[in-house]
Amino acid sequence: MLHGGEIYDKKIKYDFSVNTNPFPCPEDIKDMMIETVFAVDKYPDIAQSQFRRAVAKALNSSSYRCVFSPDMIIGGNGASELIAAVTLMLQPRKVLLPVPSFWGYEHALGMLESCEINYYPLSKENDFELTKGIVDAIEKDTDAVFLANPNNPTGRCISRDVLEKILERCQDTGTKLIIDECFFSLSEGNTSARDYIRDYSELYVIDAYTKLFSIPGVRVGFLLSQSQNIQNIKRYLPEWNMSSFALVAGVGCAKHCLKGYTDESMEYIRRERTFLEENLKKCGIKVFKSDTNFLLLYSDENLYSYLLEKEILIRDCSNFRGLKKGYFRVAVKTHEENKILIKCLREQ
88 MLHGGEIYDK KIKYDFSVNT NPFPCPEDIK DMMIETVFAV DKYPDIAQSQ FRRAVAKALN
148 SSSYRCVFSP DMIIGGNGAS ELIAAVTLML QPRKVLLPVP SFWGYEHALG MLESCEINYY
208 PLSKENDFEL TKGIVDAIEK DTDAVFLANP NNPTGRCISR DVLEKILERC QDTGTKLIID
268 ECFFSLSEGN TSARDYIRDY SELYVIDAYT KLFSIPGVRV GFLLSQSQNI QNIKRYLPEW
328 NMSSFALVAG VGCAKHCLKG YTDESMEYIR RERTFLEENL KKCGIKVFKS DTNFLLLYSD
388 ENLYSYLLEK EILIRDCSNF RGLKKGYFRV AVKTHEENKI LIKCLREQ
């Protein structure tokens, strides 16, 4: 199991393996996609003009200190396509990667003819928080650093102090910094890497509406960087890389970001995460600190197999580099779903 959401060969009623917003996709966004069916005889907008303008407007209405223009944004068929594209563009020979982390970074780096990956282990004793120690691991010949804010599967955000020290070190060494912030809008992080884009020419921030709006089947990602970098990365993306459905959904998502959708979601997630954390601990399960909408767990019991028998899917994290057998990840779902999960675990 390389990702959550692998439900197609299993009988599943409740999927806790996918870290999407417990709130469903807003109905008006679904309606926009349905209406787009009547335009399938036309090519999508190859320039992504309306989408990029909408994303820029949404970002500029938020508390981010960086002011974005559409030429600092490029859309993608989910974040994964953009991770691959920026990797192919930069062609790093030596990369620093904290572990455990999202497998997609290694997958993208594996497309390169030759790339040495240096793994920086995160400490379970410190709840897998990224600390200043990583700065010393960024060497003069480190071509790129891949980070996630918050990280997956640990759920930890990067503090302002640590992020700024990483940025300064990368600037000193000429190292490219790629930061995945796909879960940032569903986290309690108070420092986003996108605040620093105008100050650092080798900073690339990847985001997506997939998680926040619970639309993993649509694939709506975007990359933020200085305009010259955006022009360069276009050469590593297919033409028409976003469907008409993805483009219209992305515009709808951006408009919802202007209406406080994130705040409403986070209030609910914060409450339900606390409920899950407290009750999982009562079941004798080790729960690591999380800043976002999922929890990393450890148990001597085979929770994956037991819950699968109950038609509940969680993420077995034993195949994450840096983790081992006994680690699992569960998403924060609706209160009713969360209660069902806890009830099943109590019956174990």
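Mapping the sequence shown onto my numbering, position 105 (from 1) lands on 192, and the numbers just tick up by one. Think of the CB as a built atom: it goes at the ideal place given N, C-alpha and C, for glycine as much as any other residue.
For Y348, the enclosing alpha helix (DSSP H) has its first and last residue at Y348 to K369. Between V419 and I401, the C-beta gap is not smaller than 8 angstroms, which leaves the two residues out of contact. A residue is called buried when at least 16 other Cβ atoms come within 10 angstroms of its Cβ; T241 meets this threshold and is buried. Nearest to V222 by alpha-carbon distance, out of T262, G197, R357 and E388, is T262.
Inclusion of M198 and T174 in the CB contact set at 8 angstroms is warranted, their separation being smaller than that value. Sorting Q318, R140 and S274 by C-alpha distance to the C-alpha of T379 places S274 at the top. The residues K181, in chain order, have a CB closer than 6 angstroms to that of E203 in the same chain once the five nearest residues on each side in sequence are set aside. When DSSP states are grouped into helix, strand and coil, A143 belongs to the helix group.
Between I320 and M159, the gap from beta carbon to beta carbon reaches 8 angstroms or more.
Under the three-state reduction of DSSP output, F271 falls in the helix class. Ranked by Cα distance from S301, the options F375, V105 and S386 are led by V105. When the five nearest sequence neighbours on each side are left out, the beta carbons in the same chain lying within less than 6 angstroms of the beta carbon of R360 are those of V419, in order along the chain. Inter-residue distance for T218 and L428 is about 33 angstroms (C-alpha atoms, whole angstroms). Within the same chain, Cβ atoms closer than 6 angstroms to the Cβ of F215 are found at L209, T241 and R243, the five residues on either side in sequence being excluded. The three-state reading of DSSP puts R281 in helix, counting H, G and I together. In this structure, DSSP gives V173 a helical state, which the three-state scheme calls helix.
The shortest CA-to-CA distance from R357 to any of G337, L196, D248 and T421 is the one to T421. Listed in chain order, the non-local C-beta contacts of T123 below 8 angstroms within the same chain comprise S331, F332 and V335, local neighbours out to five positions each way being set aside. F233 is the residue among E255, K346 and F233 whose C-alpha sits nearest the C-alpha of Y291.
The residues V186, P187, S188, W190, P240 and Y414, in chain order, have a CB closer than 8 angstroms to that of F407 in the same chain once the five nearest residues on each side in sequence are set aside. Apart from the 5 residues on each side of it in sequence, S279 sits with its Cβ closer than 8 angstroms to the Cβ of Y151, N236, E268, F271 and V292 in its chain, given in chain order. Close CB contacts of A195 within its chain, under the 6 angstroms cut and outside five residues either way in sequence, are with I170, A171 and T174 (chain order).
Under the three-state reduction of DSSP output, A126 falls in the helix class. By the Cβ criterion, the stretch 246–262 is not in contact with the stretch 301–312, since fewer than three pairs of Cβ atoms, one from each stretch, lie closer than 8 angstroms. Under the three-state reduction of DSSP output, A166 falls in the helix class. In the DSSP annotation of this structure, Y296 is not part of any alpha helix (DSSP H), being labelled neither H nor E. Boundaries around F332 are those of the alpha helix (DSSP H), S331 to C344, since no beta strand (DSSP E) includes it. Note that the C-beta distance between Q435 and E388 is below 8 angstroms. Within the stretch 208–249, the complete beta strand (DSSP E) segments at least 3 residues long are 231–235, listed from N- to C-terminus.
Sorting K430, L432 and E424 by C-alpha distance to the C-alpha of K100 places E424 at the top. N164 places its beta carbon less than 8 angstroms from that of M329. In the three-state scheme derived from DSSP, where H, G and I count as helix and E and B as strand, L390 is classed as helix. For I121, the closest C-alpha among the options R281, S136, V305 and A145 is that of V305. Using a 10 angstroms sphere on the CB of S377, the tally of other CB atoms reaches 16 or more, which defines it as buried. Note that the C-beta distance between F138 and G162 is below 8 angstroms.
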